[in-house]
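> Start counting the sequence shown at 1; every next residue gets the next number (our numbering). The C-beta atom is built at its ideal place from N, Cα and C for all residues, glycine as well. Remember, predicted model here, so these are calculated numbers, not experimental data. I have a structure I would like to understand better, so I am pasting it below and will then ask my questions one at a time.
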Amino acid sequence: LKDYQESLAELVANHRDQIATLKKDIASEQKTYNKSYQERTQAYQDELNKLNGADDDRKKDVETQIAEELAKGRYADLTKLASLRARLVYEDAAHKESVATADKAYRDDLTNLQTSHSERLAALQTSLDTEMAIQKQYQEDFNTYRDYQIADDITKLKASYVEKQAEDLRAH
């Protein structure tokens, strides 16, 4: 009977510890997801800022050249002006394409992040639900052994030795 009660107590303690571990793992997964989400969002914002800054610099350079050419008045080179204006249109299109590429990469990253997070969270939640169902099914045993602490192998060996000595003394 003692071995049965000790085994039952150990099983209850193992399930209790597993529930606590799963709850910690779920919280940790959520924290990791939030951190990754923030890091990816910040990286995306940094990339957009870099793209916009470079685009502004290129456009300002072309606009300065256009202004210089227009300042020449009737001596302005119309072919050069047309070329510079075409370059502005090209720079704008290239910038929009770069931003669209960055947007797509960001959305893909977030989709992948969310998918893997959801899969890990679902697996952890399924395990937790299983453990909680076991606890509910055997609630009386969980209540009886709620404070039981699993003894390590050394403690068990020492207790077994003390018991054996006590039995030997009673036998003599």
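Would V89 pass as a contact of L51 if the rule is Cβ separation under 8 Å?
Indexing the sequence shown from 1 puts residue 89 at position 89. Indexing the sequence shown from 1 puts residue 51 at position 51. Their beta carbons are not under 8 Å apart, which means V89 does not touch L51 by this criterion.
> State whether the segment 127-135 contacts the segment 15-28, with contact taken as three or more CB pairs (one from each stretch) at a distance under 8 Å.
Touching, per the Cβ criterion.
> So, helix, strand or coil for A82, using DSSP?
Locating residue 82 in the sequence shown gives position 82, counting from the first residue. DSSP places A82 in helix when its eight states are reduced to three.
> Compare the C-alpha of I26 against each of S127, D77 and E140 and name the closest.
For this step, residue 26 is matched to residue 26 along the sequence shown. Out of S127, D77 and E140, S127 has the C-alpha closest to the C-alpha of I26.
> Would you decide whether A22 is buried or exposed? Buried here means 16 or more other CB atoms lie within 10 Å of its CB.
To locate residue 22, count along the sequence shown from 1; it is residue 22. According to the sequence shown, residue 22 is Leu rather than Ala. By the neighbour-count rule (16 or more Cβ atoms within 10 Å), L22 is buried.
> Taking the CB atoms as reference points, tell me whether L121 and E29 lie closer together than 8 Å.
Taking the first residue of the sequence shown as position 1, residue 121 is located at position 121. Taking the first residue of the sequence shown as position 1, residue 29 is located at position 29. In contact: L121 and E29 (Cβ atoms closer than 8 Å).
> According to the neighbour-count rule (16 or more other Cβ atoms, all chains shown, within 10 Å of its Cβ), is A171 buried or exposed?
Taking the first residue of the sequence shown as 1, we reach residue 171 at position 171. A171 should be labelled exposed.
> Under 8 Å between the Cβ atoms of E47 and A93?
Here residue 47 is taken as the residue at index 47 of the sequence shown, counted from 1. Here residue 93 is taken as the residue at index 93 of the sequence shown, counted from 1. No. Outside cutoff.
> What's the gap between the Cα of K59 and the Cα of L84?
For the purposes of this step, residue 59 is taken as the residue at position 59 of the sequence shown. For the purposes of this step, residue 84 is taken as the residue at position 84 of the sequence shown. In a straight line, the C-alpha of K59 is about 10 Å away from that of L84.
> Quick test of your reading: Y106 and Y44, contact by CB under 8 Å. State the CB separation rounded to the nearest angstrom.
Against the sequence shown, residue 106 aligns to sequence position 106. Against the sequence shown, residue 44 aligns to sequence position 44. 4 Å between Cβ atoms; contact.
> What span of residues does the alpha helix (DSSP H) with G53 cover, start to end?
By 1-based counting over the sequence shown, the position of residue 53 is 53. First-last of the alpha helix (DSSP H) with G53: K2 to L70.
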